[in-house]
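0 is the number of the first residue of the sequence shown in numbering that gives the first Met the number 0; add one for each residue after it. Only one structure is covered here, and it is reproduced in the block below.
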Amino acid sequence: MIQPPELICLHEFSGWTEYIDSVYTTYLNTVALAGLSFCGWPVKVRFIPQTKNKGYGFWHLISEAPDPRNRNEDERIPDLRRCERIRWVAWCIQHADACSPGFSWWENERRGETHAVLWAEHYDFTVVLAKRQPVQRPGFYLLKTAYCLTERSVEKFKRERNAWMEAQTD
């Protein structure tokens with residue numbers, strides 16, 4: 000089984016500001032500026048609009064909405080499990096792309112967008128990439144989010160992945 004990178008734990012820092020700055024630097028180095036790709040397409044992130052002086056994609060990645068219907072990024076609440084696992088984002092993308100044991104991926108449709116859902120199965124961690132195919136420009140994936148799965152979502156993921164895989168063999 001492929002081990003994930005070390006967590007970045009809040010208790011190792013002198014406070015929230017130092018911690019979140021370190022998590023952001025790690026995000027920039029391992030994800031945003033790392034030249035990641037998935038299935039031969041580059042993985043990109045959103046920087047604009049900034050939230051709390053950090054790139055938009057970062058805050059969306061490490062926080063969750065107080066309510067699923069709430070689309071206001073300023074009201075999102077940081078999730079320490081997401082923050083701790085910021086290094087896991089690149090790790091998951093790289094291993095899902097390589098079809099490493101314990102990793103799977105499939106496509107789904109959400110709100111009219113095609114997403115690639117990447118799953119580190121032994122760690123119940125997922126990364127979601129939105130497929131972008133601009134007219135007259137090369138395609139790319141936009142990093143949407145990453146999070147830890149609940150027991151309920153694991154079952155949902157299994158059903159969705161298996162259905163997608165079956166459809167690919169038809």
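All C-beta atoms in this analysis are idealised placements derived from N, C-alpha and C, irrespective of residue type, glycine included. Just so it is clear, the structure is predicted and the values come from calculations on it, not from any experiment.
The DSSP-derived three-state label of Leu32 is coil. Its Cα nearest to that of Tyr146, the residue Phe57 stands out among Trp15, Phe57, Phe46. At the C-beta level, Ile61 and Val22 come within 8 Å of one another. Inclusion of Cys82 and Phe124 in the CB contact set at 8 Å is not warranted, their separation being larger than that value.
In chain order, Glu74, Ile76 place their CB closer than 7 Å to the CB of Pro65, counting only its own chain and leaving out the 5 sequence neighbours on each side. With contacts defined by Cβ atoms closer than 8 Å, Ala33 and Ala115 do not form a contacting pair. With contacts defined by Cβ atoms closer than 8 Å, Leu128 and Val42 form a contacting pair.
Shortest Cα-Cα distance from Thr144 to any of Phe12, Trp87, Lys51, Met0 involves Trp87.
In the three-state reduction of the DSSP assignment, Arg75 falls in the coil class. Here DSSP, grouped into helix, strand and coil, assigns Val22 to helix. Remark: three or more beta-carbon pairs, one from each stretch, lie closer than 8 Å, so the stretch 160-168 and the stretch 94-106 are flagged as touching.
Uninterrupted beta strand (DSSP E) stretches at least 3 residues long and entirely within the stretch 47-120 occur at 102-109, 112-119, given in chain order. If you ignore the 5 residues before and after Glu150, its C-beta comes within less than 7 Å of no other C-beta in its own chain. Taking a contact as a CB-CB distance under 8 Å, the pair Leu6 and Arg110 does not count as one, their CB atoms being some 31 Å apart.
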